Amino acid sequence: MYQPRFYRLWSREKDLVSFNVTLKETDLLVSACRNLSRKTYKLVRKYRANIEKYIKNNPSFLTTFKPYKIKDTAPEIVKRMVTETEKAGVGPMASVAGAIAEFVGFDLLKSSDEIIIENGGDIFVKTLKPRIIGIYAGKSKFSGKIGLEIKPESTPLGICTSSGTVGHSLSFGKTDATIVIANSSSLADACATAVGNIVRDPESLVKGTDFAKSIKGIKGMIIIINNKISIWGDIKLVEI
């Protein structure tokens, strides 16, 4: 079921051209130096077809919650999903939104020096100037009050969010927002899911944070549950 993504009203960059591209469950908000909606749609269709064809021949890829082993040849996006989710100990589909944002984002960089793609709370960003990514965390006091400052020299970057209280994505935890930053959006998405699954109450914040620290490739992490927050890594928060 489609859910209105009202938080997108906070994230449109005025110096870039923003447009939406939707295909089935994939719903992207893209900001670029010019309107690339037609090219973006073709890329989304390509990468979705890669994944859907693989699932048709390998149904367990869609349903498993455990790391998946490729049994035959697979498209690059499927291989990336498998590799990154294995690091986090979750099923491959835990990285699908981040993977699509990442693969589409890198292809669009051939046509635009700056690209920001948001796919259901999972972001790929390549920027030439500092950007602030607003944080939505449901009913928490931090929601809409703080943002993540992104420096251009740290991009391309993946910034992905999992939540047990907001949105339609599956989470076994109860966080209002689990945000993970990594060079790969696929890895950030997988790890946000894995960390979010661990944190079911404020007392498990430490356990979730320690797990995030153990995953190679994560640059930083924020966990918000109720009015408690845990921050680790290369993170700079600002008031918004």
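Sequential numbering from 6 applies to the sequence shown in my numbering.
For each residue, glycine too, the CB sits at the ideal point set by N, CA and C.
Here the structure is a predicted model, which means the values were calculated and not measured.
Sheet register partners of residue i (DSSP bridge)
| i | result |
| --- | --- |
| E154 | I137 |
| T183 | S167 and I228 |
| S235 | I228 |
| I121 | S36 and V130 |
| L162 | V130 |
| I223 | A187 |
Reference residue i, options the options, closest by Cα
| i | options | result |
| --- | --- | --- |
| T166 | I128, K134, I137 and K144 | I128 |
| A22 | I236, L34 and E30 | The amino acid occupying residue 22 in the given sequence is Val; Ala does not appear at that position. Residue L34 is the option with its Cα nearest to V22. |
| K218 | A193, L242, R205 and N231 | A193 |
| P161 | P135, N188, M86 and S116 | N188 |
| R39 | K29, K146, N25 and K71 | N25 |
| I151 | E57, V243 and S100 | V243 |
| E154 | S148, I137 and D20 | I137 |
| D206 | K92, S191 and K179 | K179 |
| K58 | Y141, F70 and A79 | A79 |
| K92 | Y73, D77 and E107 | Y73 |
| K19 | A106, K61 and K134 | K134 |
| S145 | D77, N232, G139 and F111 | N232 |
| G139 | I245, K29, I105 and I220 | I245 |
| K71 | V130, G143, N202 and Y141 | N202 |
| L41 | A142, T69 and K115 | K115 |
Three-state class that DSSP yields for residue i in the structure shown
| i | result |
| --- | --- |
| T27 | strand |
| H173 | For H173, the predicted structure reports a pLDDT of 49, less than 50, and the residue's modelled location is therefore unreliable. The matter cannot be settled from this model. |
| L192 | helix |
| I75 | coil |
| V83 | helix |
| V246 | Because the chain here runs from 6 to 245, residue 246 falls outside it and cannot be looked at. |
| L242 | strand |
| A54 | helix |
| R13 | Since pLDDT at R13 reaches only 44, below the 50 mark, its modelled position is unreliable, and the value read off the structure follows with that caveat. Correct three-state label for R13: helix. |
| V204 | coil |
| K144 | coil |
| P64 | coil |
| M6 | With a pLDDT of 35 at M6, under the threshold of 50, the modelled position of that residue is not reliable, and the figure given next carries that caveat. In the structure shown, M6 sits in coil (DSSP, three-state: anything other than H, G, I, E or B). |
| G96 | coil |
| L41 | coil |
| S209 | helix |
| G110 | helix |
| F216 | helix |
| G103 | helix |
| T198 | helix |
Sub-8 angstroms separation of residue i and residue j beta-carbons
| i | j | result |
| --- | --- | --- |
| L67 | M98 | yes |
| C195 | E89 | According to the sequence displayed, residue 195 carries Ala and not Cys. Yes, they are a contact pair. |
| Y52 | V95 | no |
| C55 | I75 | Here the sequence assigns Asn to residue 55, which means Cys is not the residue at that position. Not closer than 8 angstroms, so no. |
| I120 | L113 | yes |
| L210 | I230 | yes |
| L147 | I234 | Strictly speaking, residue 147 in this sequence is Phe, with Leu absent from that position. In contact: F147 and I234 (Cβ atoms closer than 8 angstroms). |
| A37 | S117 | yes |
| V204 | V185 | no |
| A106 | S168 | no |
| D50 | L28 | The identity of residue 50 in the sequence shown is Arg, whereas the question assumes Asp. For R50 and L28, yes; Cβs fall inside 8 angstroms. |
Distance between beta carbons of residue j and residue i, contact taken as under 8 angstroms
| i | j | result |
| --- | --- | --- |
| W237 | G225 | 6 angstroms |
| G126 | G163 | About 12 angstroms; that fails the 8 angstroms criterion. |
| T31 | N124 | 7 angstroms |
| P157 | T198 | P157 to T198, Cβ: 28 angstroms. No contact. |
| M86 | S100 | 5 angstroms |
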